[in-house]
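Residue numbers (my numbering): 4 to 420.
We put the CB at the ideal spot given by N, CA and C, even for glycine.
Down below is the structure, laid out as C-alpha cells.
This is the structure we're talking about:
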C-alpha cells in the first residue's frame with residue numbers, strides 16, 4: 004500500500020477534529036511534478052545534476068533564503084575558472100548565464116531562483132504551521148484537563164478518604180507500565196508509538212485483573228481514574244499524530260530529492276527549525292505535567308525509607324548533614340559505636356544526634372500517609388526488642404546487675420530520642 008493511502012487509513016484512528024491538521028501528502032506529491040518541469044525547462048535535469056564533476060572547478064549549492072513565511076530555495080553555481088568546464092556542460096551553463104556574461108577566465112557565480120520549488124515549500128510550511136496551531140490548542144486543553152484533575156485527585160486520594168492505598172497501587176502500576184518511557188528525539192517513531200499503545204492497553208488490563216477499579220469506593224475516585232486514562236489515551240493519539248506528520252514530511256522530502264536531484268532532505272529541516280516551525284519537546288512538557296501534578300499527589304513509601312534497613316523511616320531522625328534514618332537504626336549504630344553518617348560519612352553526625360533531631364513535621368506526614376507501613380514497622384521493632392529481651396534472660400546476672408544493664412539500654416536510647 005502506498006504511503007498516501009496508509010496515512011489516510013491511519014488517520015481514522017485519530018480524533019476526528021485532528022485529521023484536517025495532518026500533512027496533505029498527495030497535494031505535495033503533485034507539486035513536485037511542477038518543480039521538476041521548471042528545472043528541466045532551464046536545462047537542469049536530474050541526470051545533469053548527478054553528472055556534475057564538482058571536484059574540478061565547479062561548486063553547486065542548494066540553499067534556502069528568506070524565512071518560514073516566504074522561503075526562497077535556489078541553486079548557486081560557483082565556477083572558479085569557466086574555461087575548465089568540460090565542453091559537454093557548456094551549453095547548459097551558457098543557458099543559465101545572463102546574456103551580458105561571457106565565459107572567460109574570471110570566477111563566475113550563478114544564482115538560479117526556483118519559483119516552483121518556492122511554491123512547494125510554501126505549501127509544506129503552511130501544512131507544518133497548521134499542525135503547530137493544533138499543538139498549541141491541544142497543549143492548552145491538556146494543561147487545563149490536568150489542572151482540573153489535580154484538584155479532583157487531591158480530594159479523591161486524600162489521607163482522610165478510603166481510596167489512598169488503592170490509588171497508590173494504581174500509580175505503582177502506572178509507573179511499572181512506563182507508557183512513555185525514555186522519550187527522546189525518536190519519541191515519534193513507529194516503534195515508540197506502538198509501544199506506548201501496547202503499554203497503555205496492558206495498564207488497563209492489569210487494572211481490571213487486579214480489580215483496582217472496583218476497589219475505588221468514591222465517585223470522585225472513579226471519575227478521576229476515567230479522566231486519567233483519557234488523558235493518557237490522548238497523549239498516545241498525539242504521538243500517533245506526530246508520527247504520521249513527521250513520516251509524511253520525511254517521505255515527501257525524499258521524493259522531492261529523488262525526482263529533482265536536489266538536497267531538500269538535509270537542508271529544509273534545519274531551515275524549518277531555525278524559523279521555529281517545528282514544535283519540539285511538547286510531549287515531554289505534557290508528561291512532566293502528569294508526573295509533577297498528578298503522580299506526586301500520592302506519596303510512595305519507598306521515597307521515605309531508611310537507607311539502612313530499607314523500611315519506612317519511622318520516628319525519623321534528621322542528622323546534621325540532612326540525611327534521615329529511623330530511630331531503631333540510629334540506636335543500633337550508637338551501640339556499635341558507628342558515629343559517622345552511613346550515607347555521606349560526615350563525622351560524628353550520628354554521635355551528636357539527640358531528641359531534638361526528631362523531624363516532627365516528617366513524622367506527622369508519615370502518620371498521615373503511611374499508617375499501614377508504620378504499624379508494620381512498629382511490629383518489627385517489637386519483635387526485635389522481644390528477641391533482645393529473651394537473649395538478655397540467658398545472662399545469669401544478679402538482679403541489681405540486670406537492672407543496671409537495662410538502665411544502660413534505656414539511657415542509650417534516650418541519647419537519641
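| Is it true that the CB of residue 172 sits closer than 8 Å to the CB of residue 215? | Within the chain shown, residue 215 is the residue found at index 212, counting from 1. Within the chain shown, residue 172 is the residue found at index 169, counting from 1. Contact: yes.
| In DSSP terms, what residue 231 is bridged to | Numbered from 1 along the chain shown, position 228 holds the residue referred to as residue 231. BP columns for residue 231 are empty, so no partner.
| message | Can you tell me whether residue 242 is buried or exposed? The criterion is at least 16 other CB atoms within 10 Å of its CB, across all chains shown. | response | Position 239 of the chain shown, counted from the first residue, corresponds to residue 242. Buried.
| field | residue 116 (DSSP reduced to helix, strand or coil) | value | Taking the chain shown and counting its residues from 1, the one referred to as residue 116 is at position 113. In the structure shown, residue 116 sits in a strand (DSSP, three-state: E or B).
| task | Kindly indicate which residue of 67, 149, 293 and 145 has the alpha-carbon position closest to the one of residue 178. | result | Here residue 178 refers to the residue found at position 175 when the chain shown is read from its first residue. Selected option, being the one with the closest Cα: 293.
| said: Is the beta carbon of residue 318 closer than 8 Å to that of residue 361? | reply: Taking the chain shown and counting its residues from 1, one reaches residue 361 at position 358. Taking the chain shown and counting its residues from 1, one reaches residue 318 at position 315. In this structure, residue 318 lies closer than 8 Å to residue 361 by Cβ.
| message | So residue 263 and residue 42 are supposed to be a Cβ contact under 8 Å. How far apart are they, rounded? | response | Within the chain shown, residue 263 is the residue found at index 260, counting from 1. Within the chain shown, residue 42 is the residue found at index 39, counting from 1. Indeed, because the Cβ distance is near 6 Å, the residues count as touching under 8 Å.
| message | Report the CB separation of residue 430 from residue 314 in whole angstroms; it is logged as a contact under 8 Å. | response | Absent from the structure is residue 430, since the part of the chain shown begins at 4 and ends at 420.
| said: Once the 5 residues before and after residue 223 are set aside, which same chain residues still bring their CB inside 7 Å of it? | reply: For the purposes of this step, residue 223 is identified with residue 220 of the chain shown, where counting begins at 1. For residue 223, where only same-chain residues beyond five positions count, the Cβ hits under 7 Å are 155, 158 and 159.
| message | For residue 375, which residues in the same chain have their Cβ closer than 8 Å to its Cβ, ignoring the five residues on either side in sequence? | response | If you number the chain shown from 1, residue 375 lands on position 372. Once the five neighbours on either side are set aside, the close Cβ partners of residue 375 are 168.
| message | Using CA atoms only, rank isn't needed, just tell me which of 28, 164, 46 and 304 is closest to residue 5. | response | Position 2 of the chain shown, counting from 1, holds the residue named residue 5. The candidate whose alpha carbon is nearest that of residue 5 is 28.
| request: Determine the extent of the alpha helix (DSSP H) in which residue 74 is found, giving its start and end residues. | output: In the chain shown, the residue the question calls residue 74 occupies position 71. Taken as a continuous stretch (DSSP letters only), residue 74 belongs to no alpha helix (DSSP H), being part of the beta strand (DSSP E) at 73-82.
| task | Can you give me the start and stop residues for the beta strand (DSSP E) that residue 320 sits inside? | result | In the chain shown, counting from the first residue as 1, residue 320 sits at position 317. Here the beta strand (DSSP E) through residue 320 covers 319-321.
| request: Taking 8 Å as the cut-off, decide whether the C-beta atoms of residue 25 and residue 34 are in contact. | output: Within the chain shown, the letter at position 22 stands for residue 25. Within the chain shown, the letter at position 31 stands for residue 34. Taking 8 Å as the Cβ cut-off, residue 25 and residue 34 do not qualify as a contacting pair.
| task | Mark residue 395 as exposed unless 16 or more other C-beta atoms lie within 10 angstroms of its C-beta, in which case mark it buried. | result | In the chain shown, the residue the question calls residue 395 occupies position 392. By the 10 Å Cβ count, residue 395 comes out exposed.
| field | Length at least 4, wholly inside the region 6-48: the alpha helix (DSSP H) runs in chain order | value | 6-13 and 28-44
| field | Length-filtered (4 minimum) alpha helix (DSSP H) runs lying within the region 318-400 | value | Runs found: 330-338, 363-372 and 374-395.
| field | Distance between beta carbons of residue 219 and residue 260, contact taken as under 8 Å | value | Start at 1 with the first residue of the chain shown, and residue 260 comes out as number 257. Start at 1 with the first residue of the chain shown, and residue 219 comes out as number 216. With a Cβ gap of about 55 Å, residue 260 and residue 219 do not count as contacting.
| Contact between the region 67-77 and the region 119-128 (3+ Cβ pairs under 8 Å) | yes
| said: For residue 105, count the other beta carbons within 10 Å of its own beta carbon; 16 or more makes it buried, fewer makes it exposed. Which is it? | reply: Against the chain shown, residue 105 aligns to sequence position 102. With a pLDDT of only 47 at residue 105, under the threshold of 50, the placement of this residue in the model should not be trusted; the figure read from the coordinates follows. The residue is exposed, with fewer than 16 neighbouring Cβ atoms inside 10 Å.
| field | Nearest-angstrom Cα separation, counted from residue 180 out to residue 206 | value | Working through the chain shown from its first residue, we reach residue 206 at position 203. Working through the chain shown from its first residue, we reach residue 180 at position 177. About 6 Å.
| said: Please report the straight-line C-alpha distance between residue 312 and residue 332, rounded to a whole angstrom. | reply: Taking the chain shown and counting its residues from 1, one reaches residue 312 at position 309. Taking the chain shown and counting its residues from 1, one reaches residue 332 at position 329. Taken atom to atom, the span from the alpha-carbon of residue 312 to that of residue 332 is near 7 Å.
| said: Could you check whether residue 290 and residue 271 sit closer than 8 Å to each other, using their CB atoms as the reference points? | reply: For the purposes of this step, residue 271 is taken as residue 268 along the chain shown, with counting starting at 1. For the purposes of this step, residue 290 is taken as residue 287 along the chain shown, with counting starting at 1. Result no, Cβ atoms of residue 271 and residue 290 do not sit closer than 8 Å.
| said: Beta-carbon within less than 8 Å of residue 234's beta-carbon, same chain only, minus the 5 sequence neighbours each way: which residues are those? | reply: Here residue 234 corresponds to residue number 231 of the chain shown, with the count starting at 1. Hits under 8 Å: 145, 148, 149, 152 and 293.
| Short check: CB of residue 328 to CB of residue 310, under 8 Å? | Counting from one through the chain shown, the residue named residue 328 turns up at place 325. Counting from one through the chain shown, the residue named residue 310 turns up at place 307. Yes, they are a contact pair.
| said: On the criterion of 16 or more Cβ atoms from any shown chain inside 10 Å, does residue 439 qualify as buried, or is it exposed? | reply: Residue coverage of the chain in this structure runs from 4 to 420, which leaves residue 439 outside it and unanswerable.
| Cβ-Cβ separation, residue 195 to residue 65 (assumed contact under 8 Å), whole Å | Residue 65 sits at position 62 when you count from the first residue of the chain shown. Residue 195 sits at position 192 when you count from the first residue of the chain shown. With 8 Å as the limit, residue 65 and residue 195 do not qualify as a contact, their Cβ atoms being about 31 Å apart.
| field | Coil, strand or helix - residue 67 by DSSP | value | As a working mapping, residue 67 is identified with position 64 in the chain shown. Strand at residue 67.
| query | Tell me the DSSP bridge mates of residue 111? | reply | The sequence position of residue 111 within the chain shown is 108, counting from 1. Per the DSSP secondary-structure output, residue 111 pairs in a beta bridge with 82.
| message | What would DSSP say about residue 164, mapped onto helix, strand or coil? | response | What you label residue 164 is simply residue 161 of the chain shown in a count that begins at 1. Residue 164 falls in the coil class under three-state DSSP.
| Exposed unless 16 or more other CB atoms sit within 10 angstroms - verdict on residue 199 | Counting from one through the chain shown, the residue named residue 199 turns up at place 196. Buried.
| message | Here's the rule I'm using: 16 or more other beta-carbon atoms within 10 Å means buried, otherwise exposed. How should residue 350 be labelled? | response | Here residue 350 refers to the residue found at position 347 when the chain shown is read from its first residue. When all chains shown are included, residue 350 counts as exposed.
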